[in-house]
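Colleague:
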Amino acid sequence: MDAGVGYSSAEGPVVEGERIQVGLISMKRGTGARAHTHPNEQWIYLMKGKGRASVDGQPERVVGPGTLIYLPANIVHYMQALPDEDVVFFTCKDMSHGIMGMAADGTMAGPYIDPGIDASKK
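Note that this note's numbering numbers the sequence shown so that position 68 is 1058, with each residue one more than the last.
1. How many angstroms separate the CA atom of serine 998 from the CA atom of alanine 1099?
2. Roughly how many whole angstroms lie between the Cα atoms of leucine 1014 and glutamine 1032?
3. Excluding the five sequence neighbours on either side, which residues of its own chain have a C-beta within less than 6 Å of the C-beta of glycine 1002, listed in chain order?
4. Please work out which residues of its chain come closer than 8 Å, Cβ to Cβ, to isoleucine 1010, disregarding the five sequence neighbours upstream and downstream, and give them in chain order.
5. Let me know if asparagine 1064 comes out buried or exposed under the rule of 16 or more other beta-carbons within 10 Å of its beta-carbon.
6. Between phenylalanine 1079 and the rest of its own chain, which residues show a CB-CB distance below 7 Å, the 5 nearest in sequence each way excluded?
7. Under DSSP, the beta strand (DSSP E) around lysine 1038 begins and ends at which residues?
8. Helix, strand or coil for threonine 1097? Go by DSSP, reduced to three states.
9. Whose CA, out of Gln1070, Ala1094 and Asp1074, lies closest to the CA of alanine 1000?
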């Protein structure tokens, strides 16, 4: 499943219950989510790789395996894989408002791609 069509490169298998979705999601190196919001709470547990993340305007920080990120509903946030390795994370997301969010800039212009990364390469 593409986890944020229009604003994120995240993809991977998910399982949905009545109100919660869980997934094992990956982002290719140098790609990720542009700043966005959604009306859902979400938790992200990094399992592999390093990324940069910001939640609710806080300073960007580097995150890696073992980092747990809580994303309150309707808060601007992003996470992007660093250019040298893919990121894999486990996520749990409240589904009571659907899955899709919206990029903070109001556009659905695609995921973040780090300058110098050829996103077409597998």
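Ideal placement from N, C-alpha and C gives every residue a C-beta, glycine not left out. This one's a predicted model, so the numbers in the text were calculated from it and none came from an experiment.
Modeller: Straight from the coordinates:
1. As a working note, residue 998 is residue 8 in the sequence shown. As a working note, residue 1099 is residue 109 in the sequence shown. For serine 998 and alanine 1099, the distance between alpha carbons rounds to 10 Å.
2. Here residue 1014 corresponds to residue number 24 of the sequence shown, with the count starting at 1. Here residue 1032 corresponds to residue number 42 of the sequence shown, with the count starting at 1. Each residue's Cα considered, the two are about 13 Å apart.
3. Your numbering for residue 1002 matches position 12 in the sequence shown. Excluding sequence neighbours, glycine 1002 sits near Gly1013, Leu1014, Ile1015 and Ser1016.
4. Counting from one through the sequence shown, the residue named residue 1010 turns up at place 20. Cys1082, Lys1083, Asp1084 and Met1085, listed in sequence order.
5. Here residue 1064 corresponds to residue number 74 of the sequence shown, with the count starting at 1. With fewer than 16 Cβ atoms within 10 Å of its Cβ, asparagine 1064 is classed as exposed.
6. As a position in the sequence shown, residue 1079 is number 89, starting the count at 1. For phenylalanine 1079, same chain residues with a beta-carbon under 7 Å away, outside a window of 5 residues either side, are Ile1015, Ile1034, Tyr1035, Leu1036 and Met1037 in chain order.
7. Position 48 of the sequence shown, counted from the start, is the residue given in the question as residue 1038. Segment 1032-1038, the beta strand (DSSP E) holding lysine 1038.
8. Position 107 of the sequence shown holds residue 1097. Three-state DSSP puts threonine 1097 in coil, outside helix and strand.
9. Sequence index remark: in the sequence shown, residue 1000 carries index 10 (1-based). Considering only alpha carbons, the answer is Gln1070.
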